[in-house]
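Numbering (our numbering) for the sequence shown: 1 to 447. Note that the Cβ used here is the ideal one computed from N, Cα and C, for glycine as well.
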Amino acid sequence: AARAATHNPPNAMASRGSSSGSWVAMCILGACILLPYNALLTAQPYFEDHAFKGMGFPFTSMLIYSGFLSTSQVLLTFGGEALMLRTRMKAAFASALLVCLLLVLWAVLTRQTAHSSALYGLTLATLAVLALSNSLMQTAVLGVAGAIGPEMSAAVMVGLGFCGLVILGTSLLVQATESALGVDEANGDAGLMVAVVLFVECLVCTIASIWVYFVYLQRRNAQASAVIASLEAQRKGRHQGENARGFNMEHVLEAGTLSANGSEVSESTWRRGAVVLREIAPQAVNVFSVFLVTMSVFPGVVLSWQPGSGSAFLTKVLLFRTLLLGAFQLFDVIGRSAAQGCSRCIAPQRIWVIVLLRFALVPLFMLGQRKPELSVLCGSDVGRLLLVAALAFTNGLAASLSMMAGPLLCPDARREVAGMAMSCVMVTGIFAGSLLALLTQLGVHAS
Numbered sequence: 001a002a003r004a005a006t007h008n009p010p011n012a013m014a015s016r017g018s019s020s021g022s023w024v025a026m027c028i029l030g031a032c033i034l035l036p037y038n039a040l041l042t043a044q045p046y047f048e049d050h051a052f053k054g055m056g057f058p059f060t061s062m063l064i065y066s067g068f069l070s071t072s073q074v075l076l077t078f079g080g081e082a083l084m085l086r087t088r089m090k091a092a093f094a095s096a097l098l099v100c101l102l103l104v105l106w107a108v109l110t111r112q113t114a115h116s117s118a119l120y121g122l123t124l125a126t127l128a129v130l131a132l133s134n135s136l137m138q139t140a141v142l143g144v145a146g147a148i149g150p151e152m153s154a155a156v157m158v159g160l161g162f163c164g165l166v167i168l169g170t171s172l173l174v175q176a177t178e179s180a181l182g183v184d185e186a187n188g189d190a191g192l193m194v195a196v197v198l199f200v201e202c203l204v205c206t207i208a209s210i211w212v213y214f215v216y217l218q219r220r221n222a223q224a225s226a227v228i229a230s231l232e233a234q235r236k237g238r239h240q241g242e243n244a245r246g247f248n249m250e251h252v253l254e255a256g257t258l259s260a261n262g263s264e265v266s267e268s269t270w271r272r273g274a275v276v277l278r279e280i281a282p283q284a285v286n287v288f289s290v291f292l293v294t295m296s297v298f299p300g301v302v303l304s305w306q307p308g309s310g311s312a313f314l315t316k317v318l319l320f321r322t323l324l325l326g327a328f329q330l331f332d333v334i335g336r337s338a339a340q341g342c343s344r345c346i347a348p349q350r351i352w353v354i355v356l357l358r359f360a361l362v363p364l365f366m367l368g369q370r371k372p373e374l375s376v377l378c379g380s381d382v383g384r385l386l387l388v389a390a391l392a393f394t395n396g397l398a399a400s401l402s403m404m405a406g407p408l409l410c411p412d413a414r415r416e417v418a419g420m421a422m423s424c425v426m427v428t429g430i431f432a433g434s435l436l437a438l439l440t441q442l443g444v445h446a447s
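Now the structure itself:
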């Protein structure tokens, strides 16, 4: 018994419990960040085919969302340390709740006044608010995760992908219920019901996530609360113009998460941001390229695919598109979940190989839209699902490996900023991919 106690001291067991609890909590917060956008993504067939038919909603919505997301994250990366974490998370949760309520309202109103330019503009404006909300939450959560360690960055990335599976499961359940009740898909009622249920689900999950951050992580989890408290202390010290050497951060230093070097803490946020970007550059390029490729074809090009003459979904277009979106969500999560294990055999210096190979997927997806009959891979149901699975798995794997490796290139004191900077580069890649998606449509309607 004495030997067992020696090998498993109570504080070590408590530390392991705290760490696993932090991992789950970070995963939940990661899911909360992207849940509203994934709900909108899954509901896009309704907006594209009924509410805003012919108005290019899949492309314009992605462009608005990613544009505001990218711009706001750049500002937060270089100046976000001026905001207290508590203030940032309060603003993020409040705006997320507002967005969920507005999306429910706009969806219901579009059923009454389809093709309304006013509602189209209001929906896009709501997406801009969602982008700002996501920026606040994502930079804060990834910053805290980066300060704790790479396993927490991996947890956030898993959560970012897992929320898609939650939305997919709900969508399929609603569609099965609609089919049993005989709800008409052709007139848009089925799509509207899916959209409303998904947005209400986002509202409930956001409320639950408020408890996860403000109660569990800040008060009950020793590991996370220590890091959050130290980061808040640093911010207070900068605001008051104090020297960082005056902080009492002994408990954090014992955990090995931050540095007591006063010069590190007193650097200007812009200078720190520039230094960090240089340090994380190899992995920043990787994560930027991953999302550049992904967003150039997903969701816009994928949602433009029409079932072929021999397709099993010829009369079930909504189900066909839901399954394509679902396949992406599923294999993206599998890729993200595999990243921590794969990091043992894929060195950070070799991630670029996966990133480079993914560029070959872009012409294949474009072929599936323009000339699907030329290839079984690009034109058949199975072939298209395989393409989406390959895009999603490599997206989750390569992005997570890069996000884990990036902050490790910096000293401990700059890892929170590194996590924020990696998030910023990631969404900049999303925005660039959205712009590239517009170029993939050149000549489509003309042909």
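Judged by beta-carbon spacing, CYS100 lies beyond the 7 angstroms limit of PHE162, meaning their Cβ atoms are not closer than that value.
By the CB criterion at 7 angstroms, THR394 and VAL301 fall outside the cutoff. Residue state for HIS50 is assigned as helix, using DSSP reduced to three classes.
Short of 7 angstroms from the beta carbon of ARG219, and not among the five residues preceding or following it, lie these beta carbons of its own chain, in chain order: SER225.
In this structure, LEU303 is the residue among GLY159, LEU303, GLY237 with its C-alpha nearest to the C-alpha of GLN44. Between THR170 and the set SER309, PHE431, ALA390, THR42, the nearest pair of CA atoms involves THR42.
THR315 carries a coil assignment under DSSP once its states are collapsed to helix, strand and coil. Under the three-state reduction of DSSP, CYS342 is assigned to helix. Taking C-alpha positions only, PHE365 is separated from LEU438 by approximately 14 angstroms. Taking the Cα positions, VAL74 is about 40 angstroms away from ASP381. Sixteen is the threshold: since fewer than 16 other Cβ atoms of the shown chains lie within 10 Å of the Cβ of GLN112, the residue is exposed.
Of the other Cβ atoms in all chains shown, fewer than 16 fall within 10 Å of the Cβ of ALA180; this residue is therefore exposed.
With respect to the C-alpha of PHE93, the residue from VAL174, LEU165, ILE210, VAL144 having the closest C-alpha is ILE210. Per DSSP, GLN112 is one residue of the alpha helix (DSSP H) stretching across 85 to 112. When the beta-carbon positions are compared, SER135 and SER230 stay at least 7 angstroms from each other. If you draw a straight line from the Cα of ILE167 to the Cα of VAL417, it comes to about 31 angstroms. If you ignore the 5 residues before and after ALA421, its C-beta comes within less than 8 angstroms of the C-beta of THR77, GLY273, VAL276, LEU277, ILE280, ALA284, GLY406, all in its own chain and listed in chain order. Counting along the chain, GLN175 sits inside the alpha helix (DSSP H) bounded by residues 150 to 181. Within a 10 Å sphere around the beta-carbon of ALA25 sit 16 or more other beta-carbons, which makes this residue buried. Secondary structure note for GLN369: its alpha helix (DSSP H) is the uninterrupted segment 361 to 370.
In the three-state DSSP reduction, ASP412 falls in the helix class (H, G or I).
Following the DSSP letters along the chain, one finds LEU292 inside the alpha helix (DSSP H) bounded by residues 281 to 297. For LEU217 against ILE228, the beta-carbon gap comes to about 7 angstroms, under 8 angstroms, which counts as contact.
By the CB criterion at 7 angstroms, VAL425 and VAL287 fall inside the cutoff. Within a 10 Å sphere around the beta-carbon of VAL388 sit 16 or more other beta-carbons, which makes this residue buried. Taking the C-beta atoms as reference points, ALA338 is found no nearer than 7 angstroms to GLY159. Straight-line spacing of the CA atoms in ALA145 and ALA222 works out to 14 angstroms. VAL194 is positioned such that its CB atom lies closer than 7 angstroms to that of VAL174. With distances taken between CA atoms, ALA51 lies nearest to TYR120 out of MET62, MET295, TYR120, ILE33.
Pairing GLN369 with ALA233, the inter-Cα distance amounts to about 53 angstroms.
Rounded to the nearest angstrom, the gap between the Cα atoms of THR123 and VAL197 is 17 angstroms. Linking PHE328 to ASN38 through their CA atoms gives a straight-line distance of about 11 angstroms. Remark: C-beta atoms of ILE354 and ALA398 approach each other more closely than 7 angstroms.
Going by beta carbons, MET295 and ILE430 fall inside the 7 angstroms limit. Short of 6 angstroms from the beta carbon of ILE33, and not among the five residues preceding or following it, lie these beta carbons of its own chain, in chain order: ASN134, MET137, GLN138.
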